[in-house]
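Start counting the sequence shown at 1; every next residue gets the next number (the UniProt record's numbering). Note that CB positions come from ideal geometry on N, CA and C, so glycine has one too.
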Amino acid sequence: MGASVEELQVALPPAALIAGCGDIGLRVAQRLRAMGREVTAIVRSQQKNVSLAAAGIRTRFEDLDQPQDAGDWPLLFWFAPPPGSGAQDMRLRGWLAAQRGRIARVVYISTPAVYGDCDGRWVDEDAPLVPQSERGRRRLDAEQAWCDWQAAGGGEVMTLRVPGIYGPGRLPVERLKKGLPVVCDEQSPYTNRIHADDLAEAALRAAAFGRGGRAYNVSDGTPTTMADYFLRSAALLGLPAPPQLPLAEARHVLTPAMWSFIAESKRLITLRLRDELGFAPRYPDLVSGLPSCLP
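If you want it as structure tokens, here you go:
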């Protein structure tokens, strides 16, 4: 049986630093604040500073591409995205090189793209890491950077391999309104998803109970197809269902970014997440999770 909420509260350290305090970072910060923890977020704009301060979150100004020493922290959530191109995460590598303080524990969000295309097979965390997209190669480089940092005397790093995130404000509304096509369901690849609230919970459990150097697949445990996700979202929003195209035809009309997701089919095994971290999703599938996304 997984650790209780009370055990989670006891296990979490008294303070945390968040790099990349967007939607997921804010959800994590708010939960930490509710548990009486001090939370500081790295920001680079006054607008972000004001919005986080209103939520009771401390801030420190820093451009991660011009890194500063963060000092000593019992816990760091690294949710900052990598650069938009290249096979290396030079943003992270530069930041790590600037650190002189002691950071005891790190939760890093990566992606299942590090596995590459698995032809729809079930995949656990011990599967070969053979990314086929530049996006996946950047994330694998970041995982290696954290591994090297830990081996050189840094803190314990827990890596979360996170697929598509959905939740309030994260549904593909504009895409559906534009009537953009999807691959027909019978040829659509398997995709994995996680509700934003469940991801925040998984991140907290990794911070409290995760083992250093360990990777965790994070999803609701119920893979579906990409077409299924768009069709269910359209029905929920009262929008027309997107046109469905055969795979060969879709390749010529979809954006390269969308195609990079379609070209990689896999189903994530999440036993480690559940057994080691005591994680149980509040939304175990799209049927239960999508209605929560409406205002």
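Throw me the rounded Cβ distance for the residue i and residue j pair, which I believe falls under 8 angstroms.
| i | j | result |
| --- | --- | --- |
| Pro189 | Gly116 | Their Cβ separation, rounded to whole angstroms, is 12 angstroms, which puts Pro189 and Gly116 out of contact at 8 angstroms. |
| Val123 | Ile269 | 6 angstroms |
| Val106 | Met158 | 7 angstroms |
| Glu125 | Asn217 | 6 angstroms |
| Leu239 | Leu176 | 5 angstroms |
| Leu92 | Ala11 | Actually they do not touch by this definition, with Cβ atoms about 26 angstroms apart. |
| Val64 | Ala19 | One detail in the question is off: residue 64 reads as Leu in this sequence, not Val. Right, the Cβ-Cβ distance comes to about 7 angstroms (below 8 angstroms), so this counts as a contact. |
| Asp69 | Arg100 | 5 angstroms |
| residue 296 | Ile42 | Residue coverage of the chain in this structure runs from 1 to 295, which leaves residue 296 outside it and unanswerable. |
| Leu277 | Gly210 | 6 angstroms |
| Trp78 | Tyr108 | 5 angstroms |
| residue 297 | Pro284 | Any question about residue 297 goes unanswered here, given that the chain covers just 1 to 295. |
Over what stretch of residues does the beta strand (DSSP E) that includes residue i continue unbroken?
| i | result |
| --- | --- |
| Arg31 | Taken as a continuous stretch (DSSP letters only), Arg31 belongs to no beta strand (DSSP E), being part of the alpha helix (DSSP H) at Asp23 to Ala34. |
| Ser288 | It is not in any beta strand (DSSP E) - Ser288 instead sits in the alpha helix (DSSP H) that spans Leu286 to Gly289. |
| Arg58 | Arg58 to Phe61 |
| Arg170 | No beta strand (DSSP E) holds Arg170; DSSP gives it neither H nor E. |
| Val39 | Glu38 to Val43 |
| Phe77 | Leu76 to Trp78 |
Indicate the three-state DSSP secondary structure (helix, strand or coil) for residue i in the structure shown.
| i | result |
| --- | --- |
| Ile269 | coil |
| Arg161 | strand |
| Ala241 | coil |
| Ala19 | strand |
| Arg211 | coil |
| Arg193 | strand |
| Val253 | coil |
| Tyr229 | helix |
| Met1 | With a pLDDT of only 49 at Met1, under the threshold of 50, the placement of this residue in the model should not be trusted, and no figure is reported. |
Between which two residues does the alpha helix (DSSP H) containing residue i stretch?
| i | result |
| --- | --- |
| Leu294 | Element bounds for Leu294: n/a, residue is neither H nor E. |
| Leu247 | Leu247 to Ala250 |
| Lys178 | First-last for Lys178: undefined, no H or E at that position. |
| Pro256 | Pro256 to Ile262 |
| Ser51 | Gln46 to Ala54 |
| Gln187 | Element bounds for Gln187: n/a, residue is neither H nor E. |
| Gln9 | Val5 to Ala11 |
For the ligand ZN, any of its heavy atoms closer than 6 angstroms to the Cβ of residue i?
| i | result |
| --- | --- |
| Pro281 | As presented, the structure is devoid of all ligands, the ligand ZN included, so that no description of it is given. |
Q: Counting only runs of 3+ residues fully inside the region 94-156, write out the beta strand (DSSP E) ranges in chain order.
A: Fully enclosed beta strand (DSSP E) runs of 3 or longer: 105-110.
Q) Three or more C-beta pairs closer than 8 angstroms, one from the region 160-169 and one from the region 84-92: is that the case here? A) No: the two stretches stay apart, fewer than three of their Cβ pairs being nearer than 8 angstroms.
Q. Quick check: the region 193-204 against the region 25-40, are there 3 or more CB pairs under 8 angstroms?
A. Yes: at least three Cβ pairs fall under 8 angstroms.
Q.
Under 8 angstroms, with one C-beta from each stretch per pair, do the region 167-183 and the region 93-112 reach the 3-pair mark?
A. No, the region 167-183 is not in contact with the region 93-112.
Q: For the region 48-62 and the region 224-233, state whether three or more C-beta atom pairs, one from each stretch, are separated by less than 8 angstroms.
A: The way I'd put it, the region 48-62 doesn't touch the region 224-233; fewer than three beta-carbon pairs between them come closer than 8 angstroms.
Q. Quick one: any contact between the region 41-49 and the region 235-247, if contact means 3 or more CB pairs under 8 angstroms?
A. No, the region 41-49 is not in contact with the region 235-247.
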